[in-house]
Amino acid sequence: MHPSLKYIQGYPPTIIEQVSRLIESDQLSVWFERKYPETHQIQSEKALFEYTMAIKNRYMRKSSPLSKAIYDSKIHLIHNALGLHTYATKVHGNKIKTKNEIRIASVFKKAPEPLLRMLVVHELAHIKEKQHDKAFYQLCCHMLPDYHQLELDARLFLICQELNEERS
């Protein structure tokens with residue numbers, strides 16, 4: 001099994017076999033680039049925050065406020081994650097203040113926009129639903145109907161990135 005397949009370990013064997021065949025025939029990147037020919041232009045943290053807030057305001061207007069949305073170069077290495085949602089609760093007198101932050105792995109600066117959207121939706125959903133349970137995935141699918149396909153495609157994007165690094 002190719003080491004890059006670690007990104008899709010929990011998927012059905014048929015999907016893993018299809019991806020393995022594409023890797024072996026050196027066609028995964030070709031397939032991926034055909035499906036997603038363009039990368040997004042959301043490069044600055046200000047642009048990422050505005051992009052995230054637009055999605056939040058459309059689907060989760062009444063949820064806790066978001067204080068930050070940034071790209072983080074350390075996420076992938078440290079947490080073996082694609083993005084992180086962090087929150088801190090502070091008590092000021094008799095008021096409780098929650099600070100929500102979203103961090104997206106820097107590798108997604110070069111990703112197609114639908115994959116960035118999937119990550120943002122995933123992390124926004126954690127503002128309301130902390131666990132990866134049925135309610136969490138229902139919220140993700142409400143905000144992004146093809147959420148599950150995009151999650152798989154984000155993992156395929158990571159495999160393509162790793163294969164490209166091996167070639168370099």
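Using full-length UniProt numbering, you'd call the opening residue of the sequence shown number 1 and step up by one each time. Just so it is clear, CB atoms sit at the ideal spot from N, CA and C, and this is done for glycine as well.
In this structure, the straight-line span from the alpha carbon of S168 to that of Q161 is close to 11 Å.
A direct Cα-to-Cα measurement between D146 and V91 gives close to 39 Å. With 16 or more neighbouring CB atoms inside 10 Å of its own CB, H126 falls in the buried class.
Boundaries of the alpha helix (DSSP H) around I55: 45-59. In the displayed model, I23 falls within a helix according to three-state DSSP. Selection Y137, E45, K109 evaluated against E101 yields E45 as nearest (Cα-Cα). The DSSP-derived three-state label of K99 is strand. Each of I42, I8, K74 was checked against the Cα of V120, and the nearest Cα belongs to I42.
Taking the Cα of R58 as reference, the smallest distance to any Cα among S29, L116, Y11, H142 is reached at H142. With a threshold of 16 other beta carbon atoms within 10 Å, V30 falls short and is exposed.
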